[in-house]
Amino acid sequence: MKIRLGDLLVQNNLINDEQLKTALSEQRQSGRKLGATLIALNMVTEDQLLELLSTHLNVPLIKIDDYRVDPEAVKLLPEIQARRYRALVLDDKGDKLLVGMSDPGDINAVDDLSNRLPKPIEIAVVSETQLFAAYENFYRKTEEIASFAQELAEEYDDSQDFELNMGVDGEQETAVAKLLQSIFEDAVMAKASDIHIEPEEKQLRIRQRVDGQLQETIIPERNIAAALVLRLKLMSGLDISEKRLPQDGRAQIKIKGRVIDVRVSTMPVQAGESVVMRLLDQSQGILTLAQTGMPPSIVKRYRKLLQRPHGMILVTGPTGSGKTTTLYGSLSELNKPQSKIITVEDPVEYRLPRINQVQVNHKIDLTFSQVLRTTLRQDPDIIMVGEMRDKETVEIGLRGALTGHLVLSTLHTNDSISSAIRLLDMGAPGYLVASSLRAIIAQRLVRRICDNCVVDEEVSSEAYFWLKTLNEDISDITFKKGKGCQKCNHSGYRGRVGVFELLEMTEAMMTALKNNDTSAFSEAARVSPDYKPLAHSALLYAKEGITSIDEVLKLVEMVGDAQDQEHTEHTVEDDVPALLVPQPERGPSTLKDSLGSDFSGSGLSLEDDS
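All letters in the sequence shown, in the order written, are residues 1 to 610 by the UniProt record's numbering.
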């Protein structure tokens with residue numbers, strides 16, 4: 001006989017009769033289960049409900065997030081049945097299966113599971129919230145992808161010309177569509193920013209970039225690569241007959257009610273054509289500056305810079321550091337009826353109302369410099385240039401900033417100090433850079449520690465040496481790391497957060513630029529009272545347990561190695577990367593003091609800069 005949950009809660013004094021009547025009435029209207037209704041009405045907590053069920057039914061209470069679930073055991077129960085019974089096979093114990101259920105009192109569900117599963121079952125009670133999260137993690141589309149790939153391979157004979165048969169054989173076309181749909185759904189579920197399809201001699205490799213790291217799936221059916229590439233070319237408006245040259249296109253798909261923009265890039269490789277797809281979730285909208293993870297102290301200074309009527313602001317960093325996200329966040333704040341904004345982009349990633357967006361097209365000589373010349377005759381107040389790629393674009397942008405326009409742009413450099421020097425290296429006159437450049441933001445993305453499995457971490461000898469180089473006292477600091485759990489796919493990290501440094505031009509810096517004195521400029525920048533290098537900002541995150549000290553060291557090594565490659569002449573002090581050079585103590589020493597109590601630290605996912 002199925003237990004009556006309401007009566008059980010009343011007997012244990014967790015709710016009274018009046019609350020039960022109210023919950024039952026609400027349940028009849030909403031159609032939800034009583035337990036979910038009581039939790040939604042804040043009459044009981046989920047923990048109270050789970051503990052009561054565990055005690056009453058004499059079954060263990062298991063937290064899925066902390067339990068090392070066996071992925072092979074999960075496969076014993078198909079997803080559709082798991083969701084129907086609110087159940088998950090957690091482990092195979094040899095003679096029986098451990099099955100977690102959010103409602104273990106449902107006798108009919110328990111009986112059906114006993115009949116469907118190959119071994120006797122032992123029931124445990126689990127959180128419904130954690131159960132649904134586990135579905136997204138374990139019932140990803142990898143098995144489905146493999147199944148559709150095999151189906152397509154069986155239908156597609158290598159001796160056939162797939163391109164000729166594509167429009168004729170509806171079964172093949174359907175199989176390709178189903179396979180691609182599964183690939184996209186799996187990527188969206190994993191919150192991937194990119195999908196890589198890489199054909200090899202004996203297999204097809206599909207990789208996804210999640211939190212900046214690539215995860216791969218191997219498909220042995222190598223012969224389906226041509227079918228996938230052809231379908232993607234058709235979707236994105238590319239030339240299906242051209243296989244010798246790289247191509248770029250764009251498509252839009254809808255996954256689980258979310259509109260996803262897909263930027264497609266093809267490139268000929270030895271075994272066919274490699275395809276990389278950047279996924280941009282249009283349904284999430286543009287991130288604000290605060291949502292990028294930019295600390296409030298920097299946001300405040302940056303907003304003041306954005307309110308200036310003219311001058312150039314550069315956002316710098318390597319590919320994938322979130323530059324475009326920062327630029328779009330800036331444009332969303334500047335987008336007012338009284339301001340005319342024109343952007344020159346390659347490509348246009350997000351469509352923004354009231355803003356005139358131009359996409360460059362090198363095939364018809366519609367280059368950054370060509371469009372920028374015309375832009376200055378369109379009476380703009382604000383200009384955004386996707387990237388400063390050559391001397392001509394740099395000079396036009398600087399002159400535009402000098403003649404009464406606010407110019408925003410990006411530069412592929414490693415920190416803010418080297419960005420101004422790069423402009424000089426590109427041939428821009430020092431007087432023009434000094435007169436036009438107002439500020440430079442350098443940024444990176446570091447992985448955020450999973451808040452579900454965070455534990456204390458001992459400092460490695462490498463980290464200890466680096467901290468001593470900075471004269472950092474770590475005696476009272478406990479660094480954190482993620483030990484790995486279901487929520488973070490046992491990586492210890494979940495999501496990313498931006499690390500920023502903001503360099504505002506001072507008189508000393510401008511004088512050095514006018515004189516083309518790069519050493520004097522670097523020194524003036526480093527002693528600027530408001531300047532804090534990327535490593536300083538990243539270290540604050542580590543001190544507050546937002547990221548690990550290992551992530552900080554990776555950032556330092558990346559920037560330091562790049563700087564060593566860029567500088568051919570340096571002093572003894574330059575033998576230590578700039579991020580390692582001890583900085584004078586300036587301002588608060590904790591992230592809370594530096595960033596403010598309202599810091600949310602929202603990470604970046606699909607909107608990462610390309």
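Virtual Cβ for every residue (Gly too), placed ideally from N, Cα, C.
| query | result |
| --- | --- |
| Once DSSP output is grouped into helix, strand and coil, what is the label at P584? | Low local confidence applies: a pLDDT of 39 at P584 is under 50, so the model's placement there is unreliable, with the coordinate-based value given in what follows. P584 falls in the coil class under three-state DSSP. |
| Measure the CB-CB distance between A109 and A87 and report whether it falls below 9 Å. | yes |
| Rounding to the nearest angstrom, what Cα-Cα distance links E395 and V407 in this structure? | 12 Å |
| Have a look at L238 and K532 and give me their C-alpha separation to the nearest angstrom. | 46 Å |
| Consult DSSP for R116 and reduce its assignment to one of helix, strand or coil. | helix |
| Give a yes or no on whether the C-beta atoms belonging to S548 and E457 are separated by under 9 Å. | yes |
| Quick check on DSSP: helix, strand or coil for H196? | strand |
| When you compare the CB positions of L131 and L97, do they come within less than 9 Å of one another, or not? | no |
| Alpha carbon to alpha carbon, what distance is there between K554 and D473? | 21 Å |
| So, A398 versus L424, is the Cβ gap smaller than 9 Å? | Checking the sequence, you will find Leu at residue 398 rather than Ala. No. |
| Can the beta-carbon of E501 be found less than 9 Å from the beta-carbon of I441? | yes |
| Does the beta-carbon distance from P309 to D381 come in below 9 Å? | yes |
| Taking 9 Å as the threshold (C-beta atoms), are P246 and M267 in contact? | yes |
| For N137, tell me which candidate among C485, F368, R244, L470 has the shortest Cα-Cα distance. | C485 |
| In this structure, does DSSP put L279 in helix, strand or coil? | strand |
| Determine the closest residue to V259 out of P337, V269, L279, with distance taken between C-alpha atoms. | L279 |
| Quick check on the DSSP output: the alpha helix (DSSP H) that includes D17 runs from which residue to which? | 17-30 |
| Am I right that V299 and T410 are in contact with their C-beta atoms under 8 Å? What's the rounded C-beta distance? | Their Cβ separation, rounded to whole angstroms, is 19 Å, which puts V299 and T410 out of contact at 8 Å. |
| So, helix, strand or coil for S419, using DSSP? | helix |
| Which stretch, first to last residue, makes up the alpha helix (DSSP H) that contains R205? | Run containing R205: none in the alpha helix (DSSP H); it sits in the beta strand (DSSP E), 204-210. |
| Is it true that the stretch 30-44 meets the stretch 3-12, where meeting means three or more beta-carbon pairs spaced less than 8 Å apart? | yes |
| Report the three-state DSSP secondary structure of M235 (helix, strand or coil). | helix |
| Give me the residue from R231, P220, A226, E198 with the minimum Cα distance to Q181. | R231 |
| Taking only runs that begin and end inside the stretch 338-386, name each unbroken beta strand (DSSP E) of 3 or more residues, in chain order. | 341-345, 355-359, 382-385 |
| Given a cut-off of 9 Å on the beta-carbon distance, is the pair R496 and D211 in contact? | yes |
| Are the beta-carbon atoms of M384 and L331 separated by less than 9 Å? | yes |
| In angstroms with no decimal places, state the Cα-to-Cα distance between E346 and P220. | Strictly speaking, residue 346 in this sequence is Asp, with Glu absent from that position. D346 and P220: Cα-Cα distance of roughly 36 Å. |
| I253 and F184 - do their beta-carbons sit closer together than 9 Å? | yes |
| The beta strand (DSSP E) with A271 in it runs from where to where? | No beta strand (DSSP E) holds A271; DSSP gives it neither H nor E. |
| Look up L8 in the DSSP assignment and say whether it is helix, strand or coil. | helix |
| Exposed or buried, what is D103 when buried is set at 16 or more other beta-carbons lying within 10 Å of its beta-carbon? | buried |
| Leaving out five residues before and five after I39 in sequence, what residues of the same chain have Cβ atoms less than 8 Å from its Cβ? | T45, E46, L49 |
| By a C-beta neighbour count over all protein chains shown, 10 Å radius and 16 as the cutoff for buried, is P78 buried or exposed? | exposed |
| Between R263, K256, Q203, which lies nearest to Q270 when the distance is taken from Cα to Cα? | Q203 |
| Which residue comes first and which comes last in the beta strand (DSSP E) that contains A442? | 437-449 |
| Quick check on the burial criterion: 16 or more other C-beta atoms within 10 angstroms. Buried or exposed for I80? | exposed |
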